[in-house]
Amino acid sequence: SSSSVQKKIGIVGSGLIGRAWAMLFAAAGYTVQMYDILESQLVTAQQELDKELHSLEEKGALRGQLKASEQLALIGFTQQLEELVRDAVHIQECVPEQLQLKKSLYSQLDGLLGGDTVVASSTSTFMPSLYSEGLQRRQQMLVAHPLNPPYFIPLVEIVPAPWTTAEAVERTRLLMLSLGQRPVTLKREIEGFATNRIQYAILNEVWRLVESGILSVADVDRVLSQGLGLRYALLGSLETAHLNAPGGVADYFKRFGAEISAVSATYGPTPDTQAEGAALAEIARQCEKLVPLAELDQRRATRDAFLIHLARLKKQFE
Ligand code: NAI
């Protein structure tokens, strides 16, 4: 049956992202089991999930048809990797971003996996071939990269290794759709996947504009938050171009292509953000004036509250 209720999802690592996935899967009615090497982390996860789900319920922002208490009842915990793997149709790996740690975990998983379990990594930086090469079950392993906070940002980047089967990719895609997430599937792995490649292109240019003294941090961020970002919350950059010329995107590039190339030729080299200590100190000084470090949590809460509203608005428009 297409019912998710009997299907078990295993989550490895019960930190920030592991908990977010647990909430997404439980909202869709899956049975979830979380595994962590630290018992204290599992205890914290259970408390945080209880708090977060009830708080979302109070705000009317809980996903899915089930009550918070019903969703919580779907989430179990274990410290045995073997138990986690047993009967799991999908395992979502959410351990810290350290390649050696991921490698040793995947080789442990490799010995426990049956033929029918897909293992997806939440990694934001490691191409799947980096940790799955040489493993028996490597064809069942891929990346499913969420954006923080996953509960309010639907994108998931699915990235196969060269040896990942088309079936594992398709199953993961359908699974993400069943959560109400919006996956994109890369044809092949590439450094930075798609999101970070685009995000870094933006970071490089805002760095250059601040470093050259053309804009302050507040103003360069306004270009996105009061300008481009408002369009991008609905349309991507290609559809934006498509709407911005009478004859659509072909007309747009015919009219503006030369200008785009001319401006692009003036960008200069990629900033070495680690070597340019003075530029970074200045960016940090301005950012910390905008949002003092002690107020980061408060600002994150504002971001999440905004994203709740934006998610509702987007649904109305789609
Ligand atoms: P975190 O530090 O909050 O949680 C990691 C958890 O893994 C901890 O509970 C830790 O005890 C546990 N752990 C460590 N070693 C383990 C092992 N061998 N087996 C089982 N559990 C183990 O980290 P976070 O932020 O949740 O990140 C997890 C993954 O998600 C990383 O790969 C990260 O790149 C990715 N990610 C993070 C995002 C973020 O904004 N934090 C966004 C998108 C992806």
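Residue numbers for the sequence shown follow the numbering used here, beginning at 14 and rising by one.
Don't be surprised by glycine CBs; every beta carbon is placed ideally from N, CA and C.
The structure displayed is predicted, hence computed values, not measured ones.
If we ignore side chains and look at the alpha-carbon of each, how far apart do Arg244 and Gln113 end up? Taking the straight line from one Cα to the other gives about 40 Å.
Cα-Cα, which of Lys64, Gln92, Trp220 is closest to Thr286? Nearest to Thr286 by C-alpha distance, out of Lys64, Gln92, Trp220, is Trp220.
Take Lys80 as the anchor and find which of Lys116, Met36, Pro167 has the nearest alpha-carbon. Checking every option, the nearest Cα to that of Lys80 belongs to Met36.
Tell me whether Glu110 counts as near ligand 1, meaning its Cβ is closer than 7 Å to at least one heavy atom of that ligand. Yes.
Would you kindly work out how many angstroms separate the C-alpha atoms of Ser142 and Cys107, rounded to a whole number? Cα-Cα distance, rounded: 17 Å.
In whole angstroms, give me the CA-to-CA distance for Gln329 and Ile273. In this structure, the CA atom of Gln329 is about 34 Å from the CA atom of Ile273.
What residues in its chain sit with their C-beta under 8 Å from that of Ala33, if we drop five residues either side in the sequence? Once the five neighbours on either side are set aside, the close Cβ partners of Ala33 are Pro159, Asn161, Pro162, Pro163, Tyr164.
Does the distance from the CB of Gly31 to the CB of Ala101 come in under 8 Å? No. Outside cutoff.
Going by beta-carbon coordinates alone, are Gln153 and Val132 separated by less than 8 Å? Less than 8 Å separates the beta-carbon of Gln153 from that of Val132.
Identity of the residues DSSP links to Val25 by a beta bridge: Bridge partners of Val25: Tyr48, Glu106.
Nearest candidate by alpha-carbon position, reference Thr208, set Ala292, Val182, Pro167, Asp129: For Thr208, the nearest C-alpha among the options comes from Pro167.
In three-state terms, what does DSSP make of Ser68? Of the three classes helix, strand and coil, the one that applies to Ser68 here is helix, per DSSP.
Between Gly281 and Glu110, what straight-line distance do the alpha-carbon atoms span, to the nearest angstrom? Spanning the alpha carbons of Gly281 and Glu110 requires a straight line of approximately 31 Å.
Suppose the cutoff is 8 Å on Cβ atoms and the five residues either side in sequence are ignored; what does the same chain contact list for Glu95 look like? Sequence-distant Cβ neighbours of Glu95 in its own chain, meaning closer than 8 Å and more than five residues away, are Leu125.
So what does Gly260 bridge to, in DSSP terms? As computed with DSSP, Gly260 is found in no beta bridge at all.
Can you give the Cα-Cα distance for Ser145 and Pro259, rounded to whole angstroms? If you take the alpha carbons of Ser145 and Pro259, they lie about 48 Å apart.
Nearest-angstrom Cα distance between Leu190 and Val56? CA-CA distance, Leu190 to Val56, rounds to 30 Å.
Does the beta-carbon of Val25 have 16 or more other beta-carbons within 10 angstroms, so that it is buried, or is it exposed? Buried, by the Cβ-count rule.
Rounded to the nearest angstrom, what separates Gly226 and Gly242 at their Cα positions? Cα-Cα distance, rounded: 22 Å.
If I measure Cβ to Cβ from Gln212 and keep anything under 6 Å in the same chain, skipping five residues before and after, which residues do I get? None.
Helix, strand or coil at Glu4 [DSSP, three-state]: The first residue shown for the chain is 14 and the last is 331, placing residue 4 beyond what the model contains.
Residues that Arg99 bridges to, as DSSP identifies them: Residue pairing of Arg99 in beta bridges, as defined by DSSP: absent, with no partner found.
Touch check for the segment 40-47 and the segment 81-95: three-plus C-beta pairs under 8 Å? Result yes; three or more Cβ-Cβ pairs closer than 8 Å.
What are the uninterrupted segments assigned as alpha helix (DSSP H) that are 4 or more residues long and contained completely in the segment 122-199, given in chain order? The qualifying runs are 141-145, 179-191.
Starting from Phe90, follow its DSSP beta bridges and name the residues at the other end. Paired residue(s): Met47.
Just to confirm, is the Cβ distance from Ser134 to Lys115 under 8 Å? A contact, by the Cβ cut-off of 8 Å.
Give a single yes or no on whether Gly31 has its beta carbon closer than 7 Å to a heavy atom of ligand 1. Checking the Cβ of Gly31 against ligand 1 gives yes.
Going by the beta-carbon positions, is the gap between Ala174 and Leu155 smaller than 8 Å? A contact, by the Cβ cut-off of 8 Å.
Is any non-hydrogen atom of ligand 1 found closer than 7 Å to the C-beta of Val25, if you look at the structure I gave you? Indeed, a heavy atom of ligand 1 lies less than 7 Å from the Cβ.
Three-state secondary structure (DSSP) at Lys80? Lys80 carries a coil assignment under DSSP once its states are collapsed to helix, strand and coil.
Cutoff 6 Å; reference Ala292; Cβ partners in own chain excluding five residues on either side: Excluding positions up to five away in sequence, the list reads Glu224.
Look at Ala58 and Leu192 and say whether their C-beta atoms are less than 8 Å apart. No, Cβ-Cβ distance for Ala58 and Leu192 is not below 8 Å.
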